[in-house]
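Trainee:
2 protein chains.
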Amino acid sequence: MRADILVVGGGIGGLTAALALARDGHRVRVLEKAAQFAELGAGLQLAPNATRVLAGLGVLGRVLEAGVRPRRLLLRSALTADELTALDLGEPFLARYGAPYVVMHRSDLLAILYDACLAAGVGLQAGQDVVAVTGDDGAAAAECADGTSYQGAALIAADGLHSGIRALFSADQPVCSGFAAYRGTARIDEVTARSELDEVVAWIGPDLHFVQYPLRAGQIYNQVAVFRSRRYAADPGLADGEWGGPGELDDAFGTCCAQVREATGFLWRDRWWPMYDREPLAGWTRGRIALLGDAAHPMLQYLAQGACQAIEDADALARALAGCPGPQLIGKALAGYQAERAEHAARVQRTARTWGDIWHVSGVGALLRDELFRRRPADDYSYTDWLYGSRVL
Amino acid sequence: MRADILVVGGGIGGLTAALALARDGHRVRVLEKAAQFAELGAGLQLAPNATRVLAGLGVLGRVLEAGVRPRRLLLRSALTADELTALDLGEPFLARYGAPYVVMHRSDLLAILYDACLAAGVGLQAGQDVVAVTGDDGAAAAECADGTSYQGAALIAADGLHSGIRALFSADQPVCSGFAAYRGTARIDEVTARSELDEVVAWIGPDLHFVQYPLRAGQIYNQVAVFRSRRYAADPGLADGEWGGPGELDDAFGTCCAQVREATGFLWRDRWWPMYDREPLAGWTRGRIALLGDAAHPMLQYLAQGACQAIEDADALARALAGCPGPQLIGKALAGYQAERAEHAARVQRTARTWGDIWHVSGVGALLRDELFRRRPADDYSYTDWLYGSRVL
Chain A
1 MRADILVVGG GIGGLTAALA LARDGHRVRV LEKAAQFAEL GAGLQLAPNA TRVLAGLGVL
61 GRVLEAGVRP RRLLLRSALT ADELTALDLG EPFLARYGAP YVVMHRSDLL AILYDACLAA
121 GVGLQAGQDV VAVTGDDGAA AAECADGTSY QGAALIAADG LHSGIRALFS ADQPVCSGFA
181 AYRGTARIDE VTARSELDEV VAWIGPDLHF VQYPLRAGQI YNQVAVFRSR RYAADPGLAD
241 GEWGGPGELD DAFGTCCAQV REATGFLWRD RWWPMYDREP LAGWTRGRIA LLGDAAHPML
301 QYLAQGACQA IEDADALARA LAGCPGPQLI GKALAGYQAE RAEHAARVQR TARTWGDIWH
361 VSGVGALLRD ELFRRRPADD YSYTDWLYGS RVL
Chain B
1 MRADILVVGG GIGGLTAALA LARDGHRVRV LEKAAQFAEL GAGLQLAPNA TRVLAGLGVL
61 GRVLEAGVRP RRLLLRSALT ADELTALDLG EPFLARYGAP YVVMHRSDLL AILYDACLAA
121 GVGLQAGQDV VAVTGDDGAA AAECADGTSY QGAALIAADG LHSGIRALFS ADQPVCSGFA
181 AYRGTARIDE VTARSELDEV VAWIGPDLHF VQYPLRAGQI YNQVAVFRSR RYAADPGLAD
241 GEWGGPGELD DAFGTCCAQV REATGFLWRD RWWPMYDREP LAGWTRGRIA LLGDAAHPML
301 QYLAQGACQA IEDADALARA LAGCPGPQLI GKALAGYQAE RAEHAARVQR TARTWGDIWH
361 VSGVGALLRD ELFRRRPADD YSYTDWLYGS RVL
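So, in structure tokens, the structure goes:
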């Protein structure tokens with residue numbers, strides 16, 4: 001079956017879905033609200049469950065050129081700088097998961113996907129703010145704020161954490177974690193407090209963590225600082241922007257080891273991100289409409305799986321529609337996509353919260369965590385098989 | 001050197017010390033405040049670091065007759081009843097530590113020590129309330145409330161948690177843990193909710209635990225319930241007896257699994273124990289006076305080492321005095337006893353607190369604990385070697 005498919009939202013999830021669908025012969029149109037296709041933020045981690053899909057879409061070569069393949073993921077104590085545990089990303093990892101672990105700039109991945117979409121004939125419409133959708137009759141349609149409307153056989157909502165289309169499925173709201181994130185990239189030679197260039201390092205401590213890794217073939221260095229806001233904890237009624245400011249950042253990291261304290265000086269201080277997710281959603285599809293990526297399962301960043309799960313969605317969606325015998329059965333195909341993905345994505349959402357709790361635990365919990373970490377070897381993949389998709393049985 | 005030695009306190013530590021000293025040829029006199037030599041409480045656990053000493057004193061045979069040799073120590077979830085981890089006490093354990101693990105009635109051990117002391121010629125004086133001691137001149141002396149006074153070459157204070165003699169060394173006070181303990185023994189056929197007869201089982205959960213094991217060759221069953229008092233937490237100014245009552249016991253264990261809830265019905269309800277320890281003490285000896293057992297290092301019961309460490313003290317004390325060339329060097333010998341024991345006993349005190357925290361942790365800390373426990377085999381002795389004294393290098 002080949003059909004016209006509308007994708008609302010031109011982020012990483014939307015463009016990967018558009019690319020996958022276009023490669024299968026569908027005519028795809030992406031409607032992006034912003035004036036340009038662009039990604040906010042800085043670094044992005046792509047685990048094998050995502051790079052495997054990108055390989056299938058023919059873009060892994062460019063991803064590897066633009067990104068960095070770290071040798072290991074390393075967890076260190078933000079307080080003492082001790083190494084706590086690591087995940088070896090070398091040959092045994094590659095053999096097990098069949099695809100590499102890559103870190104790269106979000107905007108680089110978006111540009112690669114954008115180019116590939118263009119080459120595959122995807123219609124890419126920026127400046128289209130979708131204000132209403134339908135998908136219960138024989139077709140799906142999107143109406144934009146400027147009066148333009150689009151029709152298709154199906155509509156994929158990839159409109160992110162604040163998805164308007166999700167309101168068709170649930171009245172739920174994003175859940176504020178009370179943690180704020182600061183980001184920053186800098187030229188590699190400007191960052192005096194960096195870790196090894198072949199590592200992704202997460203420094204973890206009570207109610208905070210700090211992540212470092214290189215981007216763009218090691219030319220720039222990416223950092224993320226995350227901490228629990230005391231202001232927000234004291235008054236959860238505060239609006240975004242009223243909590244998590246630079247003073248809180250400095251206070252939170254003031255007790256960290258010297259390297260982490262120094263490294264926080266290379267963060268952007270004029271902007272920060274309150275961290276949100278949502279509760280898992282029971283139903284993602286209705287008629288000819290389906291959610292994808294953050295619109296379906298926004299998650300905290302602790303597993304670095306937000307983009308990866310969106311990319312997995314795109315792959316599953318394309319397979320579901322490729323197996324659809326005719327346009328009248330699109331609703332069933334979308335339900336199949338949901339059946340493949342929803343339970344797993346919900347588990348990733350929940351596990352991301354727990355993994356964050358593990359990073360941020362204090363007291364005897366931290367003692368138990370460090371001991372558990374100390375006892376596992378770096379080539380123990382028992383905690384990642386379910387997520388990265390082991391090919392070793 | 002042979003000398004007259006005064007031991008203040010006729011509990012397990014005091015009588016073991018008296019026995020060890022008498023076996024070495026010292027003339028020993030034990031002064032016990034109570035009208036009879038007796039032990040409060042019920043069950044007692046003797047790890048190899050204690051049974052090794054008891055074997056050397058020639059009383060292990062009677063200890064084994066009166067006690068039970070469990071096959072394993074088992075930790076279970078008090079909430080779900082799941083097995084969390086175990087310590088195998090069988091042949092590999094015996095080979096490693098050179099002595100068995102035994103559980104028995106406290107009063108049975110005291111009776112065995114009392115009989116052995118009598119046979120060894122120890123002077124056993126009950127009803128002697130020591131109100132003043134000296135030990136800085138050429139002799140040590142104890143003065144009792146009834147006016148009696150005793151002299152010796154050294155004085156060993158084994159007068160327990162509330163040691164009056166400790167005031168010579170420190171103005172510290174017992175530290176209340178805010179946990180209350182209920183105990184109970186019953187005829188084995190009366191307890192309907194017991195665990196296997198060859199196991200010591202600790203059911204652990206948030207802010208509580210419950211211990212079960214058999215005594216007297218399996219004829220009676222011993223149980224201990226421990227929980228954090230909410231009344232005490234809300235008002236730490238409450239006196240003992242004003243918190244931890246039976247209503248709190250029932251509330252605390254109300255959320256436990258059926259077996260634990262049923263088992264709490266076999267506890268004594270007319271008496272409970274607030275749980276205290278103290279901070280480690282820098283100095284234990286002064287001139288001819290030395291502390292021993294709970295007087296020196298009272299500890300929370302989580303490692304079941306209170307009696308064991310007192311027995312280790314007795315052994316170290318006897319060796320130190322056996323190596324003393326003459327009465328004028330007794331102070332030096334006592335300092336040697338302290339040097340051998342103080343750091344280790346302080347570590348046991350601190351570790352007992354931490355081990356309790358591990359038992360009682362909730363949330364993500366419990367998840368980490370259970371995972372750490374799940375991954376260790378029952379014959380992993382890496383956490384007990386320092387405590388039980390491995391003979392395997």
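Sequence order for the protein chains is A and B. According to the working numbering, the first sequence is numbered sequentially starting from 1. According to the working numbering, the second sequence is numbered sequentially starting from 1. All residues carry an ideal CB built from backbone N, CA and C; glycine is no exception.
Would I330 (chain B) and I156 (chain B) qualify as a contact pair, given that the criterion is a beta-carbon distance under 8 Å?
Mentor: No; because the gap between Cβ atoms is not below 8 Å, this pair is not in contact.
Trainee: Skipping 5 residues on each side, what residues in its chain have a beta carbon closer than 8 Å to that of Q173 (chain A)?
Mentor: So the list reads R278, once near-sequence residues are dropped.
Trainee: Using beta-carbon positions only, say whether L317 (chain A) and F169 (chain A) come within less than 8 Å of one another.
Mentor: It is not a contact, given that the beta carbons lie outside the stated cut-off.
Trainee: Taking C-alpha atoms, which residue in B:L60, B:G43 and B:G9 lies nearest to A35 (chain B)?
Mentor: The candidate whose alpha carbon is nearest that of A35 (chain B) is B:G9.
Trainee: Does the beta carbon of V364 (chain B) sit closer than 8 Å to a beta carbon anywhere in chain A?
Mentor: Yes, V364 (chain B) counts as interfacial toward chain A.
Trainee: What would DSSP say about D313 (chain B), mapped onto helix, strand or coil?
Mentor: Residue state, collapsed to three classes: helix.
Trainee: Got a sec? Which residues, its chain only, sit under 6 Å from A86 (chain B) by beta carbon, not counting five neighbours each side?
Mentor: Result list for A86 (chain B): R72, L74 and A378, in chain order.
Trainee: Would you tell me roughly how many angstroms separate the C-alpha atoms of G218 (chain B) and Q212 (chain B), rounded to the nearest one?
Mentor: Rounded to the nearest angstrom, the two C-alpha atoms are 12 Å apart.
Trainee: Does the segment 282-302 of chain A come close enough to the segment 335-343 of chain A to have 3 or more Cβ pairs within less than 8 Å?
Mentor: Cβ pair count under 8 Å is three or more, so yes.
Trainee: State yes or no: is the beta carbon of D357 (chain B) nearer than 8 Å to at least one beta carbon in chain A?
Mentor: Yes, contact with chain A.
Trainee: Who are the neighbours of Q228 (chain A) on chain B, taking C-beta pairs under 9 Å?
Mentor: Residue identity check: residue 228 (chain A) is Arg in the sequence provided, not Gln. In chain order: nothing, as chain B lies at least about 14 Å away.
Trainee: Where does L393 (chain B) land, buried or exposed, given buried means 16+ other C-beta within 10 angstroms?
Mentor: Low per-residue confidence applies at L393 (chain B): pLDDT is 48, beneath 50, and the placement is therefore not dependable enough to give any value.
Trainee: Per the contact definition of three or more C-beta pairs closer than 8 Å, is the segment 102-117 of chain A in contact with the segment 23-43 of chain A?
Mentor: Output reads yes: the segment 102-117 of chain A touches the segment 23-43 of chain A.
Trainee: Closest to T80 (chain A) by CA distance: which of A:C256, A:A346, A:G356 and A:C176 is it?
Mentor: Closest option to T80 (chain A), Cα to Cα, is A:C256.
Trainee: Rounded to the nearest angstrom, what separates V102 (chain B) and A47 (chain B) at their Cα positions?
Mentor: Near 7 Å, if we compare the C-alpha coordinates of A47 (chain B) and V102 (chain B).
Trainee: So that I know if they touch, is there some Cβ in chain B lying closer than 8 Å to that of E371 (chain A)?
Mentor: True, the Cβ-Cβ gap to chain B drops below 8 Å.
Trainee: Which parts of the segment 308-368 of chain B are runs of the alpha helix (DSSP H), unbroken and 4 residues or longer, counting only runs that do not cross its ends?
Mentor: Listed in chain order, they are 330-360.
Trainee: For T51 (chain A), name the three-state secondary structure that DSSP assigns.
Mentor: Correct three-state label for T51 (chain A): helix.
Trainee: Please tell me whether M299 (chain A) and A352 (chain A) are closer than 8 Å, where the distance is taken between their beta carbons.
Mentor: Yes, these two residues count as a Cβ contact at 8 Å.
Trainee: Thinking just about the alpha-carbon of each residue, which of A:G244, A:P206, A:D294 and A:R183 is nearest to the one in R76 (chain A)?
Mentor: Among A:G244, A:P206, A:D294 and A:R183, the Cα nearest to that of R76 (chain A) is on A:P206.
Trainee: Can you list, in chain order, the residues of its chain whose CB lies under 8 Å from that of L31 (chain B), leaving out five sequence neighbours each side?
Mentor: Same-chain partners within the cutoff: L6, V7, V8, G9, G10, Q125, Q128, V130, A142, C144 and Y150.
Trainee: Identify the contact partners of L208 (chain B) in chain A, using a Cβ-Cβ distance below 7 Å as the criterion.
Mentor: In chain order: nothing, as chain A lies at least about 15 Å away.
Trainee: With distances taken Cα to Cα, identify the nearest neighbour of Q328 (chain A) among A:L303, A:I12, A:G138 and A:L64.
Mentor: Nearest option by C-alpha distance: A:G138.
Trainee: May I ask which residues mark the beginning and end of the beta strand (DSSP E) holding A30 (chain B)?
Mentor: In the sequence as presented, Ala is not what sits at residue 30 (chain B); that position holds Val. V30 (chain B) -> beta strand (DSSP E) spans R27 to L31.
Trainee: Measure the Cβ-Cβ separation of A400 (chain B) and G244 (chain B) and say whether it is below 8 Å.
Mentor: Chain B is shown from 1 up to 393; residue 400 (chain B) falls before or after that span and cannot be answered.
Trainee: Rounded to a whole number of angstroms, what is the C-alpha to C-alpha distance between L387 (chain B) and S390 (chain A)?
Mentor: C-alpha separation (whole angstroms): 41 Å.
Trainee: Taking C-beta pairs closer than 9 Å, name the residues in chain B that T354 (chain A) reaches, listed in chain order.
Mentor: Going along chain B in sequence order, the residues near T354 (chain A) (Cβ under 9 Å) are V364 and L367.
Trainee: Could you please give the first and the last residue of the uninterrupted alpha helix (DSSP H) stretch that includes S107 (chain B)?
Mentor: Unbroken alpha helix (DSSP H) run through S107 (chain B): R106 to A119.
Trainee: Given that V8 (chain A) touches chain B, what residues does it touch there, using C-beta distances under 9 Å?
Mentor: What V8 (chain A) touches in chain B: nothing, since even the nearest Cβ is about 37 Å away.
Trainee: Please name the residue or residues paired with S149 (chain B) in a DSSP beta bridge.
Mentor: DSSP output for S149 (chain B) lists B:E143 as bridge partner(s).
Trainee: Give the residues of chain B in contact with V361 (chain A), contact being defined as C-beta atoms less than 9 Å apart.
Mentor: In chain order: G363, V364, G365 and L368.
Trainee: Kindly indicate which three-state DSSP category D88 (chain A) falls into: helix, strand or coil?
Mentor: Note: D88 (chain A) maps to strand in three-state DSSP.
Trainee: What residue from A:H360, A:E371, A:T384 and A:R29 has the CA that sits closest to S382 (chain B)'s CA?
Mentor: Here the closest residue by C-alpha is A:E371.
Trainee: Among A:Y182, A:G178 and A:A263, which has the Cα closest to the Cα of L238 (chain A)?
Mentor: The shortest C-alpha separation from L238 (chain A) is found at A:G178.
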